[in-house]
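First the structure, in the form of structure tokens, and then the observations on it.
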Amino acid sequence: MGEAKNPGTEERPKWDNKVQYLLTCIGFAVGIGNLWRFPYLCQIYGGGAFLIPYLIALVFEGLPLLYLELAIGQRLRMGSIGVWNNISPMLGGVGIASMVVSFLVSMFYNTIIAWVLWYFFNSFQNPLPWSQCPLNANQTGGYSSECEKSTSVNYFWYRETLNITEDIGISGSLQWWMVICLATAWCVIYICFIKGIDSMGKAVYVTATFPYLVLTIFLIRALTLPGATDGLVYLFTPDWEILKKPQVWLDAATQIFFSLSVAFGGLIAFSSYNAERNDCERDALVVGITNSATSLYGSIPIFSILGFKARTNFNTCLEQNILTLTNHFDIAERNMTVENYDQWFDYLNVTHPGDIASLPLRVCDLQNFLDQSASGTGLAFIVFTEAVLEMPGSQVWAVLFFVMLLSLGLSSMFGNIEGVLTPLQELKLVPKWLPHEVLTAIVCLVSFLIGLIFTLGSGNYWVEVFNAYVGSVPLLIIAFCEIVGVAYIYGMKTFSEDIYFMTGRRPNIYWKACWMVISPLMLLVVFVAYVALQAGTYPTYPAWNPNYEDFPQTETKEYPKWVFGIIVALVVVPILSIPVVAVYNLIRCGIKKSSANVSGPNPYSNEAFEIETQERNTQSI
874 MGEAKNPGTE ERPKWDNKVQ YLLTCIGFAV GIGNLWRFPY LCQIYGGGAF
924 LIPYLIALVF EGLPLLYLEL AIGQRLRMGS IGVWNNISPM LGGVGIASMV
974 VSFLVSMFYN TIIAWVLWYF FNSFQNPLPW SQCPLNANQT GGYSSECEKS
1024 TSVNYFWYRE TLNITEDIGI SGSLQWWMVI CLATAWCVIY ICFIKGIDSM
1074 GKAVYVTATF PYLVLTIFLI RALTLPGATD GLVYLFTPDW EILKKPQVWL
1124 DAATQIFFSL SVAFGGLIAF SSYNAERNDC ERDALVVGIT NSATSLYGSI
1174 PIFSILGFKA RTNFNTCLEQ NILTLTNHFD IAERNMTVEN YDQWFDYLNV
1224 THPGDIASLP LRVCDLQNFL DQSASGTGLA FIVFTEAVLE MPGSQVWAVL
1274 FFVMLLSLGL SSMFGNIEGV LTPLQELKLV PKWLPHEVLT AIVCLVSFLI
1324 GLIFTLGSGN YWVEVFNAYV GSVPLLIIAF CEIVGVAYIY GMKTFSEDIY
1374 FMTGRRPNIY WKACWMVISP LMLLVVFVAY VALQAGTYPT YPAWNPNYED
1424 FPQTETKEYP KWVFGIIVAL VVVPILSIPV VAVYNLIRCG IKKSSANVSG
1474 PNPYSNEAFE IETQERNTQS I
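The sequence shown maps to residues 874 to 1494 in the working numbering.
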């Protein structure tokens, strides 16, 4: 079995060592979503019961796709565009689609890193700036009415950080502090990427490992907090009945799919820098299992802290009721406490039912406080920051938390940027004389300039739009094309021989069954279910409107028609290259065939086209 004869193989850079490569792949797969999406899904879908569909999706969808990308990139030693062009020119658009998705995702994802930087910089203040409301505009000694209605934590996020508008149609102005943070975020990315995998590979030693150190510190501290047990019991108590809902299985499938970062092109590019005789099967298992284990490991400290927050709010609620009761019944000397509140309340409710009914007592239910969870930005910038305020040494815990989010975000950004830079070079749109440092600078600068839309007053709404629609249907379609392209166009026999050359063993029946039947079928089912779900409802978004009658609750609004048009474009445009490139190559072959008038095989005929593809495939055998 000979060496693959792919152009440019000799000059392709390589990882310094295996650890560097694995840390990069793990860092790309393990992102912020592992901490603010997975715990939320576990909570709303029956706690421990959610792990069943999640693990099924991991075994039959996530790991096979991950293994496929790592193997095909390592064997063909190309980025996403080169790989799919090499397999068949008809699949050339798949690599372009991955590049476009990576570019769009990197723009809004780095905005989240900018938010993290803003909170990180403010975490060094004492007291923390989100711990109290600011004075009103007249500086007359009163506090801002919006802050008093909502809470200081909400106010700092929506007003001091985002200065959010009341509607996505109201753009507002650029927030200069967010512009500075976004520029800083892109500068950090550029510095880490300035020398390609040489500099990025060294950065991952910190960005990929530091989150585990912080998670362990948080785990030790969180488990000692009062109420931690409440959070863990709430998280892992299984509700088996909820598994009957189709939405649970849909969310489990999409969570594991997006969590592993397949179909972005970054993993293909990373694996292309490996030595050809590397055990990519073991790598896929290590990266995939580590990613899922991290989600579970991160859920423990997160929900321990959320349980602490719920218990604190519950006790505060009881203390307010105790104050009301002791003032009314003059029973302070009889030692009414949080611990004996239920006994006292039952006694007073029997002896003075009319008085109890007339008092403004709050309903204190621990379960309700535990239900008030959040995912995404709400978990990181509202719920968690509020919980940190109750912890001794809150500044230290805030700094650690946001440094951890920064590390997770940077590791994921490395894969997104690699998924843009490598395809750009393979498209040969970049002059050969242009240094890698300059190309990286151009990509970062263009991304920053376009990303300024996310620093407007309406920026948070646009982040939600990009997050919900760029990383959904396009990735499902790309992944489906990838797995069908390898299994049925490249050929399972050829792919098996490639894996034998790299690992010394052919893929077993489990891998083959997944690649040829189970995984594409699951992707198809998830795609159809997702489209059916979206088609049944008009998209809405939560708006922060101080004039809303139920404020501080967010107001649910429908997207304007013009925004809905942009949503459709964000879904369609990234994958448009797939049919366009395929049709172009079919037309090109048809024209060449009809116009050629030479003896022997027409070099542009469909037959020659197929022979050329077969020769390209057999080069690896």
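Every residue, glycine too, gets a C-beta built ideally from N, C-alpha and C.
Please classify L1252: does DSSP put it in a helix, a strand, or coil?
helix
A1416 - partner residues in DSSP beta bridges
E1428
For Q916, which residues from the same chain have a beta carbon less than 8 Å from its beta carbon, with the 5 sequence-adjacent residues on both sides left out?
Y1107, L1108, F1176, S1246
So, helix, strand or coil for G1069, using DSSP?
coil
Should C1387 be labelled buried (16 or more other beta-carbon atoms within 10 Å of its own) or exposed?
buried
Considering only residues of the same chain and omitting the five flanking positions on each side of S1478, which have a CB-CB separation below 8 Å?
For S1478, the predicted model reports a pLDDT of 41, less than 50, meaning its position is unreliable; a value from the coordinates is still stated below. Excluding sequence neighbours, S1478 sits near C1462, K1465, K1466, A1469.
Grab me the residues of Q947's own chain with a C-beta within less than 7 Å of its C-beta, minus the 5 sequence neighbours each way, in chain order.
S1144, S1145, N1147, E1149, N1151, C1153, M1375
Counting only the same chain and skipping the five closest in sequence on each side, list residues whose C-beta sits under 6 Å from that of K1182.
A1260
On the criterion of 16 or more Cβ atoms from any shown chain inside 10 Å, does D1071 qualify as buried, or is it exposed?
exposed
Integer Cβ distance of G1045 from P886, believed to fall under 8 Å
That belief does not hold up - the Cβ atoms of G1045 and P886 are roughly 44 Å apart, past 8 Å.
Do we get a CB-CB distance below 8 Å when we pair L1092 with the residues of chain E?
Among the chains of the structure shown, chain E does not appear; only one protein chain is present.
Which whole-angstrom value describes the C-beta separation of P1395 and E934, a residue pair presumed to lie in contact below a C-beta threshold of 8 Å?
A small fix is needed here, since residue 1395 is Met in this sequence, not Pro. Sure, about 5 Å apart at Cβ, within 8 Å.
Reduced DSSP category for M1277 - H, G, I as helix; E, B as strand; rest coil:
helix
Which of helix, strand or coil does DSSP assign to N1041?
The displayed chain sequence assigns Ile, not Asn, to residue 1041. Reduced to three states, the DSSP call for I1041 is coil.
Please list the terminal residues of the continuous alpha helix (DSSP H) segment that includes I1229.
1226-1231
Buried or exposed: N1194, going by 16 or more other Cβ atoms within 10 Å of its Cβ?
buried
Assuming the contact rule is C-beta atoms closer than 8 Å, S953 and M980 should be a hit. Round their C-beta distance to whole Å, please.
In fact, because the Cβ distance is near 18 Å, the residues do not count as touching under 8 Å.
Beta-carbon spacing of M1286, I960 below 8 Å
no
Taking C-alpha atoms, which residue in V932, L1406, Q1426 lies nearest to V1160?
V932
Minimum length 4: unbroken alpha helix (DSSP H) runs contained in the segment 1329-1382
1332-1342, 1346-1357, 1365-1376
Using a Cβ-Cβ cutoff of less than 7 Å, which residues in the same chain neighbour L1278 once the five nearest sequence positions on both sides are dropped?
I905, V989, A1253
Would L1348 and F1131 be called neighbours here (beta carbons separated by less than 8 Å)?
yes
Starting from Y1107, follow the alpha helix (DSSP H) in both directions and report where the run begins and ends.
1101-1109
Could you tell me whether the segment 1439-1455 touches the segment 961-970, using the rule of 3 or more Cβ pairs below 8 Å?
yes
Over the uninterrupted alpha helix (DSSP H) stretch that includes M980, give me the two end residues.
965-995
If you draw a straight line from the alpha carbon of D1112 to that of T1097, how long is it in whole angstroms?
27 Å
Enclosing alpha helix (DSSP H) for M1395 [first to last residue]:
1392-1408
In this structure, how does DSSP classify T897 when only helix, strand and coil are distinguished?
helix
Please confirm if the segment 1298-1316 is in contact with the segment 1033-1044, defined as three or more CB-CB distances below 8 Å between the two stretches.
no
Are the beta-carbon atoms of D1124 and Y918 separated by less than 8 Å?
yes
I'd like to check one pair, G1358 with W1050: are the Cβ atoms closer than 8 Å?
no
Using a Cβ-Cβ cut-off of 7 Å (strictly less than) and excluding sequence neighbours within five positions of Y1373, which residues of its own chain qualify?
R1379
Go ahead and pull the three-state DSSP assignment for S1134.
coil
Rounded Cβ spacing between P1099 and R1184 (contact assumed at less than 8 Å):
6 Å
State the CB to CB distance for the pair F1275 and W1059, rounded to an integer number of angstroms; the pair is presumed to be in contact (CB under 8 Å).
Contact flag wrong, Cβ pair sits at about 18 Å.
Taking the alpha-carbon of Y992 as reference, which of A1341, L1191, C1054, V1390 has the nearest alpha-carbon?
C1054
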